[in-house]
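Taken in sequence, the protein lines are chains A and B.
Position 215 (the first sequence) corresponds to 215 in my numbering; numbering is contiguous.
Counting from 1 along the second sequence, just add 1000 to a position and that's the residue number in my numbering.
All residues carry an ideal CB built from backbone N, CA and C; glycine is no exception.
The model shown is predicted, which means the values in this text are computed figures rather than measured ones.
What follows is one structure encoded as structure tokens, with my remarks underneath.
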Amino acid sequence: MSFISYLINGISLGSVYAIIALGYTMVYGIAKMLNFAHGDIIMVGSYVIFCLMSGTGMSPLVSVILSIVCCTALGITVEAIAYRPLRGAASPLAVLITAIGVSYFLQNTALLIFGANTKQFTSVIKMEPIQLFSGQVTVTGETLVTIVCCLIIMIVLLTFINKTKAGQAMLAVSEDQGAAKLMGINVNGTISLTFAIGSGLAAIAGMLLCSSYPSLTPYTGSMPGIKAFVAAVFGGIGSIPGAFVGGIILGIIEIMSKAYISSQLSDAIVFMVLIIVLLVKPTGLMGKKIQEKV
Amino acid sequence: MSMLEIKDLEVYYGVIKAIKGVSFSVEEGEVIALIGANGAGKTTILHTITGLLTPASGSVLFNGNDITKTSAHKIVRMGMAHVPEGRRVFANLSVLQNLKLGAYTRTDRAEIEKNLDMVFSRFPRLKERQNQISGTLSGGEQQMLAMGRALMSNPRILLMDEPSMGLSPIFVNEIFDIINAVKADGTTVLLVEQNAKKALSIADRGYVLETGNIVLTGKADELLNNEDIKKAYLGE
């Protein structure tokens, strides 16, 4: 029975990774850059919720919505100020290093405002735990809401990309920016939209993460950010279903390693699995590359 | 007023001057052939017209509007479509998705459907393969898709960059038949080609480009019979 409860916890943690990984993978697929500041957007979103709820006593729902709005705006601003001027720079390293810089900037700004002390995050999810198998397995409200959120996000995102014009424009930009311009697609606008969606998802991920693991510091986002990056690469970076599958598998591996092998070694095991997958299938689980005919 | 007027265009790649003061014009309803060898600057000129490149000096007028500094995606809305060199279809998307992206700037669904039927009747093979992933089409089919996609924006002028490149003779003939049909529908065409003979045979007028300069211009049939052109470009 404990196996099932580990599995559910793994899927729940994996769902958070998947939501973060979706942001990574979309930005990579469309803007062709690794946004290493993505994890820190999670932290900013969590602080926004923390401040609104404990500072002004706002309701959880309103706080979460405002946090999504703030993160979306932050994502668009960071892209416009820090990344857009470097698009077309001679080396792709320029924008990568800038992203690391933005990451430190966000962490240190949070450090300056909130200090290094851990803040106690109050869960925004008010749901009673559910008993399964006549009480042998307990699933918390947080766990359940996280999994459901991830599924909904996944379905909405895939529908958006496949059924709307803006979604199709994203696919076009991800393949060939020049050709996309020739279709009349505003490439800068499409990239902004991608950052907006990715950052909004980061805010949701922050809310879910801090509800399950309620300690908030300026570095809260950094490790989940890196794990989600691993999940995105694991699933095949650039692929949306890949980020989802990669995230869930990573979450399960992490919880299972903690439960059955060693909690200290769990991160090492996660990275080892990544290395093995990349050795066997360098494009990740669902990464694909269609051979273009000339 | 010419439909498209290029004045004293100069374009640089870094410090290299690729286009050295080129001027030419395209009248409504014409097919203009821009011919020249590899590296003469044909593609650079097209990219500058559609806004993918910005010139150092000179201007591009489209229906009298200065579009020299207008961004590429806005120029498409003004009625200019560009079939780029090497087709550049969205290889991971289906044929139908590619065609719908061609109509990205338009909102009238009924008109888009009508346009799609027109493209399908012109390219029956695209209709047969509408759900196929574009990257798996043959080169000739991809060229057809690139042309169909450009026509989906219902352009007033169609810019085509080396549509015959790398295609088998049967496909080349088919592509040129379609260019003729597009012209017959009243769409203006600016055609860039290395296959000078084919291009001049369907064009009204032609310009010959050599290392960034226009060296010769005239009616297409005059150019076809010009001794220098015959030697340099027609292999006679």
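For residue j and residue i, believed in contact at Cβ under 8 Å, the rounded distance
i	j	result
K1017 (chain B)	E1010 (chain B)	7 Å
G242 (chain A)	G284 (chain A)	6 Å
S1002 (chain B)	S1023 (chain B)	With 8 Å as the limit, S1002 (chain B) and S1023 (chain B) do not qualify as a contact, their Cβ atoms being about 11 Å apart.
R1129 (chain B)	L1137 (chain B)	7 Å
I1049 (chain B)	G1212 (chain B)	About 15 Å; that fails the 8 Å criterion.
Y6 (chain A)	A259 (chain A)	5 Å
S1153 (chain B)	R1106 (chain B)	7 Å
F1176 (chain B)	K1197 (chain B)	Actually they do not touch by this definition, with Cβ atoms about 11 Å apart.
I254 (chain A)	V270 (chain A)	Per the sequence shown, the amino acid found at residue 254 (chain A) is Glu instead of Ile. E254 (chain A) to V270 (chain A), Cβ: 5 Å. Contact.
G221 (chain A)	M286 (chain A)	The pair is not a contact, with the Cβ atoms about 25 Å apart (cut-off 8 Å).
Q1097 (chain B)	Q177 (chain A)	Their Cβ separation, rounded to whole angstroms, is 17 Å, which puts Q1097 (chain B) and Q177 (chain A) out of contact at 8 Å.
Where residue i falls, given that 16 or more other Cβ within 10 Å makes a residue buried
i	result
G184 (chain A)	buried
I290 (chain A)	Bear in mind that a pLDDT of 46 at I290 (chain A), under 50, signals an unreliable position, so the number given afterwards is only what the model happens to contain. The residue is exposed, with fewer than 16 neighbouring Cβ atoms inside 10 Å.
L278 (chain A)	exposed
G1235 (chain B)	exposed
V294 (chain A)	Any reading at V294 (chain A) must be qualified, since the residue scores a pLDDT of 41, below 50, and its modelled position is unreliable; the value itself is stated next. That one is exposed.
S67 (chain A)	buried
R1077 (chain B)	exposed
L151 (chain A)	exposed
L208 (chain A)	buried
G101 (chain A)	exposed
K119 (chain A)	buried
I1229 (chain B)	buried
S59 (chain A)	exposed
Y1013 (chain B)	exposed
D1185 (chain B)	exposed
K181 (chain A)	buried
N1225 (chain B)	exposed
V1208 (chain B)	buried
F297 (chain A)	For residue 297 (chain A) there is no data in the structure shown, the boundaries of chain A being 1 and 294.
A110 (chain A)	buried
S1134 (chain B)	buried
N1115 (chain B)	buried
L1093 (chain B)	buried
A1181 (chain B)	exposed
G225 (chain A)	buried
N1173 (chain B)	exposed
E1227 (chain B)	exposed
P218 (chain A)	buried
Where the beta strand (DSSP E) through residue i begins and ends
i	result
L52 (chain A)	L52 (chain A) -> no beta strand (DSSP E), and no H or E assigned at all.
D1246 (chain B)	Look at the range of chain B in this structure, 1001 to 1236, and you will see that residue 1246 (chain B) is not part of it.
K1017 (chain B)	I1016 to V1026
F121 (chain A)	No beta strand (DSSP E) contains F121 (chain A), which DSSP labels as neither H nor E.
D1008 (chain B)	L1004 to Y1013
G225 (chain A)	Note, G225 (chain A): premise wrong, no beta strand (DSSP E); alpha helix (DSSP H) at S222 to G235.
V1192 (chain B)	T1188 to E1193
T138 (chain A)	V137 to V139
A1033 (chain B)	V1031 to G1036
G1206 (chain B)	R1205 to E1210
Q1132 (chain B)	Note, Q1132 (chain B): premise wrong, no beta strand (DSSP E); not H, not E.
I81 (chain A)	Element bounds for I81 (chain A): n/a, residue is neither H nor E.
Q264 (chain A)	Taken as a continuous stretch (DSSP letters only), Q264 (chain A) belongs to no beta strand (DSSP E), as it is neither H nor E.
L1099 (chain B)	Element bounds for L1099 (chain B): not the beta strand (DSSP E) but the alpha helix (DSSP H), V1095 to G1102.
Contact check, residue i vs residue j, beta carbons under 9 Å
i	j	result
V1192 (chain B)	E1113 (chain B)	no
A205 (chain A)	S103 (chain A)	no
L22 (chain A)	L96 (chain A)	no
V1189 (chain B)	E1005 (chain B)	no
I248 (chain A)	G14 (chain A)	yes
K1042 (chain B)	I1035 (chain B)	yes
I49 (chain A)	F121 (chain A)	yes
G88 (chain A)	A202 (chain A)	no
A228 (chain A)	Y17 (chain A)	yes
L193 (chain A)	M223 (chain A)	no
T98 (chain A)	A82 (chain A)	yes
T146 (chain A)	S212 (chain A)	yes
P1169 (chain B)	V1083 (chain B)	no
V1215 (chain B)	L1145 (chain B)	no
F1120 (chain B)	I1178 (chain B)	no
Enclosing alpha helix (DSSP H) for residue i [first to last residue]
i	result
D1161 (chain B)	Run containing D1161 (chain B): none in the alpha helix (DSSP H); it sits in the beta strand (DSSP E), I1157 to D1161.
T77 (chain A)	P60 to V78
L1116 (chain B)	R1109 to R1122
I185 (chain A)	No alpha helix (DSSP H) holds I185 (chain A); DSSP gives it neither H nor E.
I1178 (chain B)	P1169 to A1184
L285 (chain A)	Where L285 (chain A) is concerned, there is no enclosing alpha helix (DSSP H), given that its DSSP letter is neither H nor E.
Residue i: CB within 8 Å of a non-hydrogen atom of the ligand PLP
i	result
I125 (chain A)	In the structure on display, the ligand PLP does not appear, and there are no ligands present to speak of.
Minimum length 3: unbroken beta strand (DSSP E) runs contained in the region 1042-1080 of chain B: 1057-1062
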